[in-house]
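In our numbering, the protein residues as written are 28 to 424. To start, the structure itself, in structure tokens.
Shown next, in the form of structure tokens:
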């Protein structure tokens, strides 16, 4: 059955996404240094303190309320954020369909959320100031990593709500004060007693050289794409990079690894991690589940149909996270039969295909006419006698 046929008729209509907006338009700093919303009768900034506490403990709320990522939904992305926040496990693979904001959450929102954590209530690393984090962000190319780095930097430079609520996490003039503040790495303010050699965050492409780095967190974001799908050597490079990056962890037991991606081939990096790495906890979703689109705010039924028509077998990889689609494998997964062994018997569930097989086995074979003996033609009786003598004397060849 076509996956589109499973969509329920009452699937919700397409809902245009809400516009992005930062919730900092009415902030003022009082004489006592405390933030307050202009025009309110809350002189002590009680509301903002509640917002700050909620933001520190809730990644989903932080991304929406502080970073302005209002296209994240409660029904899909809250569960993703809760999976990310739950520590342990320390190594996680998050597989979401393309265009569902997985990189937005993990490569953009998560690092900032880690940095603003207070020592006394750090949800990721209890007992440590969030500024002690040292994050290595790895992408397929350094250019992709650089775009994420610059997005994060802009928030520390210009997001008024972030700067007001966590002033100790921000520079007044980062490009002048920070040890480094460029498109590949940056330093946030740290206690002078803390090790300063590794940046707060650094971005790199697959295969890039880093010597001597020690990181508390590894974020691997879409290490493979179409190029790796068409090149075994490129795919192997990504697999090797994912393995050899782990020795750069500061603590192999509790340093955290977050890998996000989408299947690009039946034997890709993520399939190998799921199959062979028991240390990794997996969160995996398909665009269509139980007859419904999991992100109708961005994908209408018609949009899903158009994607399937244009992508062909790639649709199952990129949007269903299913590397076993019939168009990608030598046999269909739906053709597999399972049985239970009871004593010397094998118990199968009934299947309509069994009747066809029984009918085929019970059918009488067509009777074949006996073959007529083949006679060798000899030229003369003398030739026959010669052959006979040869057989008798053993000289026949």
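Ideal Cβ positions, reconstructed from N, Cα and C, are used throughout, including at glycine.
Restricting attention to 119, 97, 125 and 103, the CA atom closest to the CA of residue 346 is found in 125.
Pairwise C-beta distances place the stretch 233 to 246 in contact with the stretch 159 to 167, as three or more of them are shorter than 8 angstroms. The C-alpha of residue 303 lies about 44 angstroms from the C-alpha of residue 194.
With a contact defined as Cβ atoms closer than 8 angstroms, residue 128 and residue 104 qualify at about 7 angstroms.
Here the C-alpha atom of residue 106 lies approximately 33 angstroms from the C-alpha atom of residue 257.
DSSP lists 284 as the beta-bridge partner residues of residue 118. For the beta strand (DSSP E) assignment, the stretch 71 to 96 encloses no uninterrupted run of at least 3 residues. Beta-bridge pairing by DSSP links residue 213 to 208 and 228.
Counting only unbroken stretches of 3 or more residues, the beta strand (DSSP E) elements lying wholly within the stretch 296 to 341 are 308 to 311, in sequence order. Following the DSSP letters along the chain, one finds residue 166 inside the beta strand (DSSP E) bounded by residues 162 to 166. Spatial neighbours of residue 322 in its own chain (CB-CB distance under 6 angstroms, excluding positions within 5 residues in sequence) are listed in chain order as 103 and 127. Short of 6 angstroms from the beta carbon of residue 254, and not among the five residues preceding or following it, lie these beta carbons of its own chain, in chain order: 261. The C-alpha of residue 341 lies about 7 angstroms from the C-alpha of residue 291. The beta-carbon separation of residue 287 and residue 264, rounded to 19 angstroms, does not stay under the 8 angstroms limit for a contact. DSSP places residue 179 in the uninterrupted alpha helix (DSSP H) bounded by 169 to 185. The residues 96, in chain order, have a CB closer than 7 angstroms to that of residue 131 in the same chain once the five nearest residues on each side in sequence are set aside. Three or more Cβ pairs closer than 8 angstroms define a contact, and the stretch 108 to 123 falls short of that threshold against the stretch 167 to 184. Here residue 93 is not near residue 158, since their CB atoms are 8 angstroms or more apart.
Not a single unbroken stretch of the alpha helix (DSSP H) spanning 4 or more residues falls wholly within the stretch 361 to 388. Straight across, the Cα-Cα distance linking residue 199 with residue 266 is about 41 angstroms. With a 10 Å radius around the Cβ and a threshold of 16 neighbouring Cβ atoms, residue 375 comes out exposed. For residue 276, the pairing in a beta bridge is given by DSSP as 242. Only buried fits residue 225, as 16 or more other CB atoms lie within 10 angstroms of its CB.
Looking at the DSSP output, residue 248 sits in a beta bridge with 166 and 287. Assignment of residue 102 by DSSP, reduced to helix, strand and coil, places it in the coil class. Annotated three-state conformation of residue 343 is helix, per DSSP. Counting of Cβ neighbours within 10 angstroms places residue 227 among the buried residues, the total reaching 16 or more.
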